[in-house]
Amino acid sequence: MIYIIKKMSDNITESLLIASNIHKEVRKKLNNNLKPNIKLIDIVKIIEETTINLSKQYNTINKGIGFPVSLSLNNCAAHYHPSNDDQTLFKYNDVLKIDFGIEINGWICDSAYTVIFNEKHRKLLLAVYEAVETGIQNIGIDVRINEWSGIISEILDSYEIKPIINLGGHNILHEKLHGGMFLPAIKGIVASDVIFKEGVYAVEIFGSTGDDKVFTFGDNNLYMLNNNKYQDESESNMELYNIINTNFKTIPFTSRYIDNKYNNTLDNLCKLQIVKEYPPLFINNGNIAQYEHTVQISDKNKIIFSKGDDY
Ligand code: MN
Ligand code: MN
C-alpha cells in the first residue's frame with residue numbers, strides 16, 4: 384500500500400515561497416515554448432500540466448492551480464480564459480498578458496507579465512514594468528495607499544502611458560485571491576487615510592496606449608463561489624454546489640474543470656448568485672500591458688515572492 388503524505392503548513396511565508404518557486408518554474412517552461420501563432424489553449428495546457436506536476440507533493444485545493452490562467456490579448460486587459468475548442472492564436476504583432484497563480488496551503492502567489500514578439504510594443508512594457516518596480520519599492524507598513532498610487536501614475540505618465548483606472552492590485556487572504564482592498568494606479572480613488580498594513584499584497588498594474596477604463600465584454604469562462612453556506616431544495620443545484628465547494632472552495636475555476644453535464648446547473652447557480660462570473664475586461668482603443676508580483680510586508684521585512692530573472 385502506498386501512502387501519499389502531503390506536507391501541511393500554516394506558515395504564510397513558507398507556503399508562498401513554495402508557490403512562487405513553482406510559479407517561476409512554470410513560466411520558465413512556458414517561455415521556452417512560446418512562438419508566434421501558438422494557440423492560447425496550448426499555453427493553458429503547458430501552464431496547467433507543469434503546475435499540477437510541480438505541486439503534487441504539497442497540500443493544495445485545486446492541484447496547485449490558484450486560478451485559471453488569464454491570457455488576454457491587446458485591448459483585452461484580463462479574465463480571458465480560452466475554452467478547449469478556442470482557436471485564438473498568439474500572433475506576431477500581439478501583446479499578451481499572462482496572469483496565473485499557484486496555490487499552496489491555501490496561499491496564492493499571483494503574478495503576471497506581458498509577452499511580445501514585435502519590439503514596437505517595448506515602450507508600453509517598460510512603462511508598466513517600471514511602475515510595478517516602483518510600487519514594490521514604495522510599499523510598506525503605514526504608507527498611504529493614495530500617495531503610493533500617485534507615484535505609480537507619475538511613472539506611467541513619464542512614458543506617456545495611461546493607467547487603467549478601474550483595475551489594479553489587491554490584498555491576498557487565505558483561500559481568497561482578492562481580499563477586498565483595491566490598490567489603484569491613480570490618485571483620488573482610495574481615501575487619503577487608508578494605509579498599508581502587515582499582509583500579503585498583489586502589486587499589479589495595467590498600462591494602456593489608449594483608453595483608461597475597462598468594461599466587461601464577451602462570454603464568461605471564469606467562476607468563483609460567492610456563497611459557501613448554500614442550501615437549496617434543488618438536488619442538481621446542491622450536487623454541483625458540493626462539487627465546487629469540495630474541489631475549489633473559494634478560489635476561481637473555469638467550466639473546463641467541471642463535467643459538461645453540469646453546464647445548465649452552473650448557469651442556475653450564477654443566476655442565483657451562488658457562483659459569481661468574471662467575464663473578460665476590455666478597452667475600445669489601444670493595447671494594454673500588465674505586470675504583477677506577490678509581496679509580503681511586515682515590520683521586519685518585505686518579501687517579493689514572484690520576482691525572478693525574467694521579470
Ligand atoms: Mn494576477
Ligand atoms: Mn491579482
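According to this note's numbering, the sequence shown holds residues 384 to 694 in order.
Glycine included, every Cβ here is placed at the ideal spot set by N, Cα and C.
What you are looking at is a predicted structure, and each value in this text was computed from that prediction instead of being measured.
{"Check": "Coil, strand or helix - T677 by DSSP", "Outcome": "strand"}
{"Check": "Assigned secondary structure, F688 (DSSP; H/G/I helix, E/B strand, else coil)", "Outcome": "coil"}
{"Check": "DSSP bridge partner residues for P546 (one or two, in chain order)", "Outcome": "G590"}
{"Check": "heavy atom of ligand 1 below 6 Å from D693 C-beta", "Outcome": "no"}
{"Check": "Nearest to K559 (by Cα), restricted to the options I569, Y584, I548", "Outcome": "Y584"}
{"Check": "Nearest residue (CA-CA) to K683, options I524, L400, A495, T633", "Outcome": "I524"}
{"Check": "Uninterrupted alpha helix (DSSP H) stretches inside the region 496-549 (no shorter than 4 residues)", "Outcome": "505-521, 528-541"}
{"Check": "When I405, T592, K570 are compared against N458, the one with the closest alpha-carbon", "Outcome": "T592"}
{"Check": "H676 beta carbon less than 7 Å from that of S494", "Outcome": "yes"}
{"Check": "Boundaries (first-last residue) of the alpha helix (DSSP H) holding N414", "Outcome": "395-414"}
{"Check": "I444 in three-state terms, based on DSSP", "Outcome": "coil"}
{"Check": "Residues of its chain near N610, where Cβ-Cβ distance is below 6 Å and the 5 sequence neighbours each way are ignored", "Outcome": "I657"}
{"Check": "Those residues which DSSP pairs with K659 across a bridge", "Outcome": "M607"}
{"Check": "Local conformation of K418 per DSSP, three classes", "Outcome": "coil"}
{"Check": "Cut-off 6 Å between Cβ atoms - residues of its own chain near Y353, not counting five sequence neighbours on either side", "Outcome": "Nothing about residue 353 can be reported from this structure: the residues present for the chain run from 384 to 694 only."}
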